[in-house]
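First the structure, in the form of structure tokens, and then the observations on it.
Protein chains in written order, with the working numbering: chain A, -2 to 112; chain B, 155 to 263.
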């Protein structure tokens, strides 16, 4: 199957700093990528839709100035958590949509801990 | 918006047993996928199955789109099958998947 790589796998940062997470589709082009957030023992909650070459579309309740998304190429989307606080600690997972099949493939996830 | 409900929420099996996981959804969908999330958080694609039946080894899935449900069958379960199984659906053309709450499966040796 298609491969989506996410980096870093885990990150620990101090409160007030910003953290960037990268999501790459390795063997296919993805005009659309999605960012999800998952709290322990819970399901995945969609945060935003990332569209190559245009602004991201955020789900209701997600602060776009806090979670900056950039989709600069057909294989890369980035999520930047700005001025991170402990409540931003979570597991963030990206996914990329195969334009050929309509199937969604997920990255390995990034575990963020804000101290 | 569309609602996705999975049952049961938790399931404990003895190794070798069979099981059926269910996913109900409240509206017509374009796409339905089943995933297995391993203990490290990785989501593994199991099936892309908006309708019909597919099989892959010990796993099979059936989606009856007209009745708005999908079933995931696990036969001869193994301890490595443990983890959370998610059903997710897409109801528009944009590819956005909405996830159910998952079924946490524990297979005991």
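Ideal Cβ positions, reconstructed from N, Cα and C, are used throughout, including at glycine.
Check: Can you list the residues of chain A that residue 255 of chain B reaches, using a CB-CB cut of under 9 Å?; Outcome: 39 and 40
Check: Check whether the Cβ atoms of residue 77 of chain A and residue 6 of chain A sit closer than 9 Å, and answer yes or no.; Outcome: no
Check: At a cut of 8 Å, does the stretch 78 to 90 of chain A reach the stretch 155 to 167 of chain B through at least three beta carbon pairs?; Outcome: no
Check: Would residue 110 of chain A pass as an interface residue toward chain B - the criterion being a Cβ-Cβ separation below 9 Å?; Outcome: no
Check: By alpha-carbon positions, which one of A:21, A:42 and A:68 ends up nearest to residue 53 of chain A?; Outcome: A:68
Check: Does any residue of chain A have a CB that is nearer than 9 Å to the CB of residue 211 of chain B?; Outcome: no
Check: Would you mind telling me which residues of chain A sit closer than 9 Å to residue 239 of chain B, beta carbon to beta carbon, in chain order?; Outcome: What residue 239 of chain B touches in chain A: nothing, since even the nearest Cβ is about 11 Å away.
Check: Give a yes or no on contact between the stretch 196 to 203 of chain B and the stretch 245 to 262 of chain B, applying the rule of three or more CB pairs nearer than 8 Å.; Outcome: no
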